[in-house]
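Please read the structure below before turning to the comments.
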Amino acid sequence: MKLVVSPPALAELHDAAAFYTLKANIDLGLAFVTEFERTVNLVLASPLLGGEFRGTRRQYYLRRFPYSIIYQVTVEELRILAVAHHRRRPGYWSGRK
0 MKLVVSPPAL AELHDAAAFY TLKANIDLGL AFVTEFERTV NLVLASPLLG
50 GEFRGTRRQY YLRRFPYSII YQVTVEELRI LAVAHHRRRP GYWSGRK
(Lines of atoms letter the chains of each structure in order from A; the text may use other names.)
(Lines give C-alpha, C1' and ligand atoms only; values in the text may rest on other atoms or scores of the structure.)
Protein backbone atom coordinates (compact mmCIF):
# COMPACT_ATOMS: atom_id res chain seq x y z
CA MET A 0 0.00 0.00 0.00
CA LYS A 1 1.28 3.42 -0.95
CA LEU A 2 1.49 6.17 1.70
CA VAL A 3 0.48 9.67 0.62
CA VAL A 4 0.75 12.60 3.03
CA SER A 5 -1.25 15.54 1.74
CA PRO A 6 0.62 18.87 1.58
CA PRO A 7 -1.61 20.45 4.28
CA ALA A 8 -1.00 17.48 6.61
CA LEU A 9 2.74 17.72 5.99
CA ALA A 10 2.62 21.43 6.82
CA GLU A 11 0.75 20.63 10.06
CA LEU A 12 3.38 18.06 10.97
CA HIS A 13 6.17 20.57 10.39
CA ASP A 14 4.35 23.33 12.29
CA ALA A 15 3.72 21.11 15.33
CA ALA A 16 7.32 19.85 15.39
CA ALA A 17 8.60 23.43 15.12
CA PHE A 18 6.27 24.52 17.95
CA TYR A 19 7.56 21.79 20.29
CA THR A 20 11.14 22.59 19.33
CA LEU A 21 10.72 26.31 20.01
CA LYS A 22 8.62 26.06 23.17
CA ALA A 23 10.51 23.18 24.77
CA ASN A 24 13.58 21.79 23.00
CA ILE A 25 14.77 19.95 19.91
CA ASP A 26 14.29 16.58 21.61
CA LEU A 27 10.56 17.17 22.05
CA GLY A 28 10.22 18.29 18.43
CA LEU A 29 11.99 15.13 17.28
CA ALA A 30 9.86 13.02 19.64
CA PHE A 31 6.75 14.41 17.96
CA VAL A 32 8.01 13.44 14.50
CA THR A 33 9.05 10.00 15.79
CA GLU A 34 5.58 9.45 17.27
CA PHE A 35 3.98 10.49 13.98
CA GLU A 36 6.16 7.98 12.11
CA ARG A 37 5.33 5.22 14.61
CA THR A 38 1.63 5.92 14.26
CA VAL A 39 1.75 5.95 10.46
CA ASN A 40 3.65 2.64 10.41
CA LEU A 41 1.01 1.07 12.69
CA VAL A 42 -1.78 2.27 10.45
CA LEU A 43 0.03 1.14 7.30
CA ALA A 44 0.34 -2.34 8.78
CA SER A 45 -3.35 -2.40 9.79
CA PRO A 46 -5.28 0.29 7.91
CA LEU A 47 -8.54 -0.37 9.72
CA LEU A 48 -6.89 0.14 13.12
CA GLY A 49 -8.15 3.70 13.47
CA GLY A 50 -11.76 4.31 14.34
CA GLU A 51 -14.25 5.37 11.70
CA PHE A 52 -14.55 9.12 11.70
CA ARG A 53 -16.81 11.26 9.54
CA GLY A 54 -17.77 8.94 6.72
CA THR A 55 -14.92 7.22 4.90
CA ARG A 56 -12.22 8.81 7.05
CA ARG A 57 -10.50 7.22 9.99
CA GLN A 58 -8.75 8.67 13.03
CA TYR A 59 -5.84 7.35 15.07
CA TYR A 60 -4.47 9.11 18.15
CA LEU A 61 -0.81 9.84 18.71
CA ARG A 62 0.50 8.85 22.12
CA ARG A 63 1.88 11.56 24.39
CA PHE A 64 0.73 14.43 22.16
CA PRO A 65 -2.75 15.95 21.73
CA TYR A 66 -2.89 15.11 18.01
CA SER A 67 -4.53 12.57 15.73
CA ILE A 68 -3.88 11.56 12.18
CA ILE A 69 -6.96 11.70 9.98
CA TYR A 70 -6.69 9.38 7.00
CA GLN A 71 -8.52 7.61 4.20
CA VAL A 72 -7.86 4.12 2.92
CA THR A 73 -8.36 2.95 -0.65
CA VAL A 74 -7.26 -0.24 -2.35
CA GLU A 75 -4.06 1.43 -3.53
CA GLU A 76 -3.17 4.02 -0.91
CA LEU A 77 -3.39 5.31 2.62
CA ARG A 78 -3.79 9.09 2.45
CA ILE A 79 -3.04 11.24 5.50
CA LEU A 80 -5.43 14.17 5.32
CA ALA A 81 -4.56 15.98 8.54
CA VAL A 82 -2.35 15.99 11.61
CA ALA A 83 -5.10 17.47 13.75
CA HIS A 84 -4.73 19.02 17.19
CA HIS A 85 -7.50 17.83 19.51
CA ARG A 86 -8.60 21.29 20.64
CA ARG A 87 -8.01 23.53 17.67
CA ARG A 88 -10.76 24.21 15.15
CA PRO A 89 -12.50 20.81 15.15
CA GLY A 90 -13.22 19.55 11.65
CA TYR A 91 -11.28 22.31 9.84
CA TRP A 92 -9.82 19.66 7.54
CA SER A 93 -13.19 18.15 6.53
CA GLY A 94 -13.02 19.57 2.99
CA ARG A 95 -9.73 17.85 2.20
CA LYS A 96 -9.45 14.92 -0.18
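Under numbering that gives the first Met the number 0, the first residue of the sequence shown is numbered 0, with each subsequent residue one higher. Ideal Cβ positions, reconstructed from N, Cα and C, are used throughout, including at glycine.
### Message
Report the start-end ranges of each beta strand (DSSP E) in the segment 57-93 that is 3 residues or longer and not cut off at the edges.
### Response
The segment 57-93 contains these whole beta strand (DSSP E) runs: 66-72 and 76-84.
#### Entry: Under 8 Å between C-beta atoms of Tyr-59 and Thr-73
It is not a contact, given that the beta carbons lie outside the stated cut-off.
### Message
Quick test of your reading: Ser-93 and Arg-57, contact by CB under 8 Å. State the CB separation rounded to the nearest angstrom.
### Response
Not really, about 14 Å apart at Cβ, beyond 8 Å.
### Query
Within this structure, are the beta carbons of Leu-77 and Val-42 separated by less than 8 Å?
Cβ distance < 8 Å, so Leu-77 and Val-42 count as in contact.
### Query
Under the rule that 16 or more other beta-carbon atoms within 10 Å means buried, what is Ala-10, buried or exposed?
That one is exposed.
### Task
If I'm right that Tyr-70 touches Gly-49 with Cβ under 8 Å, what's the distance once you round it to whole angstroms?
Going by Cβ atoms, the distance from Tyr-70 to Gly-49 rounds to 7 Å, so yes, they are a contact pair.
### Message
Going by the DSSP bridge assignment, what does Gly-50 pair with across the sheet?
### Response
For Gly-50, which the question treats as bridged, DSSP gives the partners Gln-58.
#### Entry: Whether Phe-97 touches Val-82 by CB criterion (8 Å)
A query on residue 97 cannot be resolved here, the shown segment of the chain reaching from 0 to 96 and no further.
### Environment of Ala-44 [buried if 16+ CB atoms lie within 10 Å]
It is exposed - the Cβ of Ala-44 has fewer than 16 other Cβ atoms within 10 Å.
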